[in-house]
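Student:
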Amino acid sequence: MKKVFLSVLALGLFVLPAYATKGLRDNPKESNVNVVAGRYGSFKTGKRARRDGIVRVKSAYSVAETARRFEEAVNKPGREALNIIATVDHTDNARKVGKQLRPTQLFVFGNPMVGTPLMQCNQTVGIDLPQKALIWEDEQGKVWLAYNSPQSFLSVRHKLRGCDAEAKQALETVGSVLNVLAQEATQ
Numbered sequence: 081m082k083k084v085f086l087s088v089l090a091l092g093l094f095v096l097p098a099y100a101t102k103g104l105r106d107n108p109k110e111s112n113v114n115v116v117a118g119r120y121g122s123f124k125t126g127k128r129a130r131r132d133g134i135v136r137v138k139s140a141y142s143v144a145e146t147a148r149r150f151e152e153a154v155n156k157p158g159r160e161a162l163n164i165i166a167t168v169d170h171t172d173n174a175r176k177v178g179k180q181l182r183p184t185q186l187f188v189f190g191n192p193m194v195g196t197p198l199m200q201c202n203q204t205v206g207i208d209l210p211q212k213a214l215i216w217e218d219e220q221g222k223v224w225l226a227y228n229s230p231q232s233f234l235s236v237r238h239k240l241r242g243c244d245a246e247a248k249q250a251l252e253t254v255g256s257v258l259n260v261l262a263q264e265a266t267q
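If you count the sequence shown from 1, position 24 lands on 104 in this note's numbering, and the numbers rise without skipping.
1) Would you report the Cα separation of Y203 and P192, rounded to the nearest angstrom?
2) Can you check which of these residues, R241, A213, T196 and K239, is closest to I165 by C-alpha distance?
3) Would the beta-carbon of D218 be found less than 7 Å away from any heavy atom of the ligand MN?
4) Which residue wins for smallest C-alpha separation from N259, given the options K176, N228, R131 and P157?
5) Inspect the beta-carbon positions of Q180 and A147 and report whether they are closer than 8 Å.
6) According to DSSP, is N228 helix, strand or coil?
7) Do L225 and T196 count as a contact pair if the criterion is CB distance below 8 Å?
8) Among residues of its own chain, excluding the 5 on either side of F85, which ones have a beta-carbon nearer than 8 Å to its beta-carbon?
9) Beta strand (DSSP E) containing L186: first to last residue?
10) Measuring only the C-alpha atoms, how far is A161 from A262?
11) Would you identify the three-state DSSP class for D208, choosing helix, strand or coil?
12) For E219, count neighbouring C-beta atoms within 10 Å of its own C-beta (all shown protein chains included) and say buried if the count is 16 or more, exposed if not.
13) Name the DSSP beta bridge partners of L214, please?
14) Let me confirm a value: G178 is counted as buried when at least 16 other C-beta atoms fall within 10 Å, else exposed. Which label applies?
15) Helix, strand or coil: how does DSSP classify V257 here?
16) To which residues of the same chain is A140 closer than 7 Å at the C-beta, ignoring the five residues directly before and after it?
17) Can you list, in chain order, the residues of its chain with a C-beta nearer than 6 Å to that of A251? Leave out the 5 residues immediately preceding and following it.
18) To the nearest whole angstrom, what separates the beta carbons of R182 and E264, a pair I think is in contact under 8 Å?
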């Protein structure tokens, strides 16, 4: 059972794409979680649907604390198959070129055992792997954690719907697992 859970967890955590679409707004309305619907499909896990394929979760913490909690969630016992490959401090990078940017951090993470079945289905999915999670502070001082919805964005973008059962299961599972990580980091 533990091996199955780890496989499902790892599978669900490698599919997060890097693709950033137009319309990433800093200030989603009041809901805590919102997901894409419409153009990219009809999968919904939150209170509101968005058309850009980005799931946004409001955080109760600062960017730094949300980032710390996210890293802790990824590295939690039982999730050893996940690896944080890189972190990018966009604020620090902006400062280095004489620009200002509200706190913004990016995590790149995943596991090749999970992403490979999706790339076997359609290798173009490799442009969106490994997964990313963006944490930022908006103009009102609210903090958000965002990731791309695998079911309603990645699947459509890379035409993964006709793939084998392993790839299909990955797409069905990954949204739930990413939601767990996001909730652990933000609540």
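Beta carbons are placed, not taken as given, at the ideal position from N, Cα and C, and that holds for glycine.
Tutor: Quick answer:
1) For this step, residue 203 is matched to residue 123 along the sequence shown. For this step, residue 192 is matched to residue 112 along the sequence shown. A small correction: the amino acid at residue 203 is Gln; Tyr does not occupy that position in the sequence shown. Computed Cα separation, rounded: 13 Å.
2) The residue given as residue 165 occupies position 85 in the sequence shown. Comparing alpha-carbon positions, the option among R241, A213, T196 and K239 lying closest to I165 turns out to be A213.
3) This structure does not include the ligand MN; it has no bound ligands of any sort.
4) If you number the sequence shown from 1, residue 259 lands on position 179. Comparing Cα-Cα distances from N259 to each of K176, N228, R131 and P157, the minimum goes to N228.
5) Taking the sequence shown and counting its residues from 1, the one referred to as residue 180 is at position 100. Taking the sequence shown and counting its residues from 1, the one referred to as residue 147 is at position 67. No Cβ-Cβ contact shorter than 8 Å links Q180 with A147.
6) Taking the first residue of the sequence shown as 1, we reach residue 228 at position 148. N228: strand per DSSP, three-state reduction.
7) Here residue 196 refers to the residue found at position 116 when the sequence shown is read from its first residue. Here residue 225 refers to the residue found at position 145 when the sequence shown is read from its first residue. No, they are not a contact pair.
8) In the sequence shown, counting from the first residue as 1, residue 85 sits at position 5. At F85, the pLDDT of 36 sits below 50, so the modelled position is not reliable; the number obtained from the coordinates is stated separately. G158, listed in sequence order.
9) By one-based count along the sequence shown, residue 186 stands at place 106. Segment T184 to G190, the beta strand (DSSP E) holding L186.
10) The sequence position of residue 161 within the sequence shown is 81, counting from 1. The sequence position of residue 262 within the sequence shown is 182, counting from 1. If you take the alpha carbons of A161 and A262, they lie about 18 Å apart.
11) Your numbering for residue 208 matches position 128 in the sequence shown. Collapsing the DSSP output to three states places D208 in a helix.
12) To locate residue 219, count along the sequence shown from 1; it is residue 139. The residue is exposed, with fewer than 16 neighbouring Cβ atoms inside 10 Å.
13) As a position in the sequence shown, residue 214 is number 134, starting the count at 1. Its beta-bridge partners are L186 and A226.
14) Within the sequence shown, numbered from 1, the residue matching residue 178 stands at position 98. With fewer than 16 Cβ atoms within 10 Å of its Cβ, G178 is classed as exposed.
15) The residue labelled residue 257 in the question sits at position 177 within the sequence shown. If DSSP states are grouped into helix, strand and coil, V257 belongs with the helices.
16) Within the sequence shown, residue 140 is the residue found at index 60, counting from 1. Excluding sequence neighbours, A140 sits near T266 and Q267.
17) The count along the sequence shown starts at 1 and reaches residue 251 at position 171. Correcting the residue type first, residue 251 is Leu in the shown sequence and not Ala. Taken in chain order, the residues that qualify are P230, Q231 and S235.
18) As a first step, residue 182 is located in the sequence shown; it is residue number 102 there, counting from the start. As a first step, residue 264 is located in the sequence shown; it is residue number 184 there, counting from the start. Between E264 and R182 the Cβ distance is about 23 Å, and since that is not below 8 Å, they are no contact.
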